[in-house]
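Participant:
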Amino acid sequence: MIINHPLLGPRDASEFTYLGDAALIDRPDPDTATAARDFYEYQYLRDNPAGTLRELWYHEAGDRAWLVVTRNTLTHEITHVELARDVARKAGRST
Amino acid sequence: MSQINRIDGGQIDRTQTLKFNFNAKTYTGHPGDTLASALLANGVRLMGRSFKYHRPRGPLTAGSEEPNALVELRGGARAEPNTRATTIELYNGLWARSQNHLGPLGLDVMAVNDLFSDFLSAGFYYKTFMWPAAFWEKLYEPVIRRAAGLGALSGKADPDTYDKGYLHCDLLVIGAGPSGLMAARTAARAGAQVILTDEDFRMGGRLNSETLEIGEQTGADWAADTVAELAAQPNVRLMPRTTSIGAFDHGIYGAVERVSDHLHRPEDGKPRQILWRIYTRQTILCAGATERPIAFRNNDRPGIMLGSAVRSYVNRFGAAPARQIAVFTNSDDGHKTAQDLHAKGIRVAGVIDIRKDAPRSDAYDVFAGSKVTDSKGRLGLRRIEVERADGTRHWIDCGALAVSGGWNPNVHLTCHQRGRPQWNESLAAFVPGGVLPPGLSVAGAANGVMSTAGALRSGAAAACTALSLKAMPDLPEAEDAPLSITPFWHVAGKGRAWLDQQNDVTVKDVKLSHQEGYRSVEHLKRYTTLGMATDQGKTSNVGGLAILAELAGKSIPDVGTTIFRPPYTPTAIGVFAGRSRGKAFKPTRKTPSHIWAEEQGAVFVEAGNWLRAQWFPRAGETHWRQSVDREVQATRGSVGVCDVTTLGKIDVQGSDAAAFLNKVYCNGFAKLPVGRTRYGLMLREDGIAMDDGTAARLAEDHFVVTTTTANAVSVYRHMEFVRQCLFPDMDVQLISTTESWAQFAVAGPNARKVLQKIVDPSCDISNDAFPFMACAEITLCGGLRGRLFRISFSGELAYEIAVPTRYGDALIRRIMEVGAPYDITPYGTEALGVMRIEKGHAAGNELNGTTTALNLGLGRMVSQTKDSIGTVLSRREGLNAPDALRQVGLRPLDPKDKVPAGAHLMAATGPVDAAHDQGYVTSACYSPTLGHHIALAFLKNGAERLGETLRLVSPLTGVETHVEVVSPHFFDPQGDRLRA
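As they're listed, the protein sequences go chains S and R. Take 159 as the starting number for the first sequence in the numbering used here and just add one per residue. Take 39 as the starting number for the second sequence in the numbering used here and just add one per residue.
1) Write down every uninterrupted run of the alpha helix (DSSP H) in the segment 407 to 442 of chain R whose length is 4 residues or greater and which is fully enclosed by it, in chain order.
2) Around the C-beta of H1019 of chain R, are 16 or more other C-beta atoms found within 10 angstroms, so that it is buried, or is it exposed?
3) Any contact between the segment 752 to 767 of chain R and the segment 732 to 741 of chain R? By contact I mean 3 or more CB pairs, one from each, below 8 angstroms.
4) Give the single residue among R:G444, R:V449 and R:R828 whose Cα lies nearest to the Cα of I322 of chain R.
5) Nearest to G598 of chain R by alpha carbon, out of R:G582, R:H302 and R:R303?
6) E758 of chain R CB to nearest chain S CB: under 8 angstroms?
7) Which residues of chain S have a Cβ atom closer than 7 angstroms to the Cβ of V910 of chain R, listed in chain order?
8) Compare the C-alpha of Q43 of chain R against each of R:Y65, R:T53 and R:F60 and name the closest.
9) Would a check of beta-carbon distances place Q231 of chain R closer than 8 angstroms to chain S?
10) I'd like the list of long-range same chain contacts for P164 of chain S, defined as Cβ closer than 7 angstroms, with 5 residues on each side in sequence excluded.
11) Let me check one thing: in DSSP terms, what residues is K202 of chain R bridge-paired to?
12) With burial defined as no fewer than 16 other Cβ atoms inside 10 Å of the residue's Cβ, what is the status of M510 of chain R: buried or exposed?
13) Considering just the uninterrupted stretch of the beta strand (DSSP E) at P930 of chain R, what are its terminal residues?
14) Less than 8 angstroms between the CB atoms is what I'm expecting for D932 of chain R and H942 of chain R, so what's the real figure, rounded?
15) Report yes or no: do the segment 589 to 608 of chain R and the segment 131 to 150 of chain R share at least 3 C-beta pairs separated by less than 8 angstroms?
16) Only counting the same chain, and skipping five residues up and downstream in sequence, which positions put a Cβ closer than 8 angstroms to that of H234 of chain S?
17) Excluding the 5 residues flanking S522 of chain R on each side, which residues of the same chain have their C-beta closer than 7 angstroms to its C-beta?
18) Which residue wins for smallest C-alpha separation from N858 of chain R, given the options R:L988, R:A840, R:G101 and R:V677?
19) From the DSSP output, read off the bridge partner residues of V597 of chain R.
20) When DSSP builds the beta bridges, which residues end up paired with G292 of chain R?
21) Alpha carbon to alpha carbon, how far is N138 of chain R from P23 of chain R? Give it in angstroms, no decimals.
22) State buried or exposed for L145 of chain R, treating a residue as buried only when at least 16 other CB atoms are found within 10 Å of its CB.
23) Note down, in chain order, each residue of its chain lying with its Cβ closer than 8 angstroms to the Cβ of T72 of chain R, except the 5 sequence neighbours on either side.
24) For a test of the three-state rule: what should DSSP assign to R251 of chain S, helix, strand or coil?
25) When the Cβ atoms of the segment 891 to 910 of chain R are set against those of the segment 983 to 994 of chain R, are three or more pairs found closer than 8 angstroms?
26) Use the C-beta contact count for M39 of chain R: other C-beta atoms within 10 angstroms, 16 or more gives buried, fewer gives exposed.
27) Start and end of the alpha helix (DSSP H) containing D378 of chain R?
28) Under three-state DSSP, which class holds Q271 of chain R?
29) Below 9 angstroms on C-beta distance, what does D767 of chain R contact in chain S?
30) Please report the Cβ distance between A785 of chain R and S752 of chain R, rounded to the nearest whole angstrom; I am assuming they are in contact, meaning their Cβ atoms lie under 8 angstroms.
31) Listing by chain order, which chain S residues have their CB less than 9 angstroms from the CB of E723 of chain R?
32) Which residues in chain R have a C-beta closer than 8 angstroms to the C-beta of Y216 of chain S? List them in chain order.
33) Tell me, please, which residues DSSP counts as bridged to T235 of chain R.
34) Count the C-beta pairs between the segment 548 to 562 of chain R and the segment 589 to 603 of chain R that are closer than 8 angstroms, then say yes if the count reaches three, no if not.
35) Taking 8 angstroms as the limit between beta carbons, can you name the residues of its chain near G178 of chain S, skipping five residues before and five after?
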């Protein structure tokens, strides 16, 4: 597979390490009454769609950027690649 | 023996004669021959024995689809089993032998299996090897293992090298027959970067084997001229002897180039094979088609071949399979074979055509509406039985039979990304269907275009489409006859008619499978093993499906088909491994003191990719324990030194560095003063301990974090995840500095005295100025910058001193020199381990991916006043149950007893089983300090059970010992020594 790194261009998948669902960016607030439940769901419950999935890849043999890669799990087609940091910022994790 | 069946013509070089050896006999052939064609030229039809029944077999084909003629090629360490004689390019000195027989090939003792074939029918293994269970290990498995597989590996290391390579192009053309050559020529003339691969050593595909014309030339000449034109173009890379084995994601294709398989030995510096990874924008698959046989009784005798193979041997290789050849066909293809044979002066014993309206001939007998019903000849075909349209039968003498049952397009690569072939009624074959790999199109016979003109046209058109070219090139004239075929799969009747010759699957087996309820194609395949041999059923799958469809009263498309996975043809594991074998399998990392340690005679151990000194034997020491005990006692008695460079080091800088560490460590770091170090425990988000280490604060905004050797990479990855994905705007930067610093632990009561001779006098390292857990950037040896940490894994007064890596060797030598008055002793990882067990420090054995801070006795470290990774889920009820495992120490009641790691704890009396399990030993050693064995263990509710006596059992090693539960801090529990 080839991942089109937003900063470095197309790179072979062998340079990357795979983590999984990009929902891992959405770490729950630990200071709410539902934190225990929220963290349980965050840690253990994942969708496993036959189709489009946003997932985390780490450019370990490259610039060490974590990327959010939108990939079709049936065809392996990659439609979008973003810096995970930008995704996290957009999700309001800056504060 | 002379080449008795060598005939005129062909693309072999008769000016050179090659000698080769098959089954201990010497034969001759010519450059351009394959092993199979050379053997046929020498009158040898028998080349092997079948897998199950040990039936005599010769080549069925002239290509990579060959099921029968599998031989062991090259002897000794270079031996390669299961190699197809039909693809082995002949070279001088070639050595090969047949496989799968006991005794000589002509007299195989195992052929007795053939007499018991009724017991070995489909599903034999499933039915026979079911019970009793005890028979499995002793009887069934050894029998199956011995019988399984045709050839045998040499068991020796392969002396040759295999490489990997990467190529990029605009257009990859797979297959250099008429469509592939035309596609490549069209693209090359348009200036595109083109790669053309072909599995054969001579490009041209069927053009080399047929007597057809393109323009004013023979097909073979047109192919040679086109190849020459392409070879002269700088934008074309021709890759003969290269099999494209798979279509992978995003335009990546795998191809194996056989660089040296056609040579006696690889040339100096050349690999035997190369695994190419080809990155391409567009691909045209021009893989051609494979002819299929018709099944009839005893259709597996040496000499019975596909019609296309007979034409290849006669036209391309100048080798006649026999002097008298019959033809069995369901299409005009068979008549093409007969005409070619007749033109070569080979007697055509008759053309048996199942069609009533078969074309006539003046030159030889044509039996219209007839079929072949049986054959004779123990080790090679002698005669066939023909049933005429009127039902009468007679025998015809012939040494070979050319069978033509139609053509199957080679759709394999179109299936590699879930494409599913579709049935084409007019071809009676599967053609590419479903979703093809993106960027891949199919041309020529592979796409069901069966005429030469059609192949040229579709190759050119595919290239134009792939490269968005406007004008189609001019095409040369060629035959354009439509294919006329009457589907016909097998001749009904008694006896065994073979479908899959490599796995010995007959028409009867397919019937049995259907009868016993295995009716889906996937079940048929697995029950009968049809198509599961090394040829993956290239000549047999469709025949099997057709018979299944007939039995089920369905059409072939309703029955469906299995699809294909990479690789296209069998591929040696060696080429996948490439250079990654032996020492080169992974990098070896050596510590900065490695050379020095070698000089001391150290014994090394692998720790991840690192080599670390395990112990340093001295003269007179005959057992490793003597060395280790001495190293421990010398360190505790005076001073020792150990290379600890391998621990991961991560530099953490930025104004939010402390806040960041507060997130990744479960304990607090915000209030750690500059110049101090703290032990830190990292949890995974699920609350399980991930790693531990120390973080030294060198400045307000600068920490140096250590990780365990094994987790250096994964911790760094995790910290980057936390930084980028969870807290994207913290002002913090990370960089791994593991390789940048050489670091040594200097431990023992005299450690300070030694270091005071190393560290520059301007740096005060007295206990008051530099107490336990202090850290500082220092200078040493007269101005060299370094770092000093007062941390202790051994429990002694200890320091870790770090210098830039290039000074590591010099520093260890200096430390040894200035430490000599104190008998400074280097110690290895074993002594390090003993001392940490004596102190009850957790290491990898305890941080084993299942344990929590509570289990480790560090529960109170988990700060409840701040958020960090893992805090919330570490509070889960199940992880905090009253009987949760707790780390304890164990002492054997009998001081002579050992306490083996991995042993389990049971109550002092009562049953020994999993239900009564109380815990397990994680680390164990002999403590020279205490004079007996000790161990660290996890014990249910262990913190409350000190003083209890338990049984330690290890049923595997037969150990049963009584132990006392004690504090894990065996030695100096108050820590007075490390603060001294």
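For each residue, glycine too, the CB sits at the ideal point set by N, CA and C. Fair warning: this is a prediction, and the values are worked out from it, not measured in the lab.
Facilitator: So, to answer that:
1) none
2) There is simply no residue 1019 of chain R to check, as chain R begins at 39 and stops at 1018 in what is shown.
3) no
4) R:V449
5) R:G582
6) yes
7) P188, A193, A194 and F197
8) Per the sequence presented here, residue 43 of chain R reads as Asn, with Gln not at that position. N43 of chain R has its Cα closest to that of R:Y65, out of R:Y65, R:T53 and R:F60.
9) no
10) V239, E240 and L241
11) R:L313
12) exposed
13) L923 to P930
14) At roughly 19 angstroms, the Cβ-Cβ gap does not stay under 8 angstroms, so D932 of chain R and H942 of chain R are not in contact.
15) no
16) M159
17) S369 and D370
18) The amino acid occupying residue 858 of chain R in the given sequence is Ala; Asn does not appear at that position. For the residues R:L988, R:A840, R:G101 and R:V677, the minimum Cα distance to A858 of chain R belongs to R:V677.
19) Answer by DSSP bridge pairing: none, since V597 of chain R is not bridged.
20) R:G284 and R:R315
21) The shown model of chain R, from 39 to 1018, leaves out residue 23 of chain R, and the question about it has no answer.
22) exposed
23) A100, A123, T124, T125, I126, E127, L128 and F355
24) coil
25) no
26) Residue placement at M39 of chain R is flagged as unreliable, the pLDDT there being 49, under the threshold of 50; a coordinate-derived value is accordingly withheld.
27) D371 to A381
28) coil
29) R243, A246, R247, R251, S252 and T253
30) Actually they are not in contact, since the Cβ atoms of A785 of chain R and S752 of chain R sit about 28 angstroms apart, beyond 8 angstroms.
31) L182, R185, F197, Y200 and Q201
32) R755, E758 and F759
33) R:I212 and R:M277
34) yes
35) R204, E213 and L214
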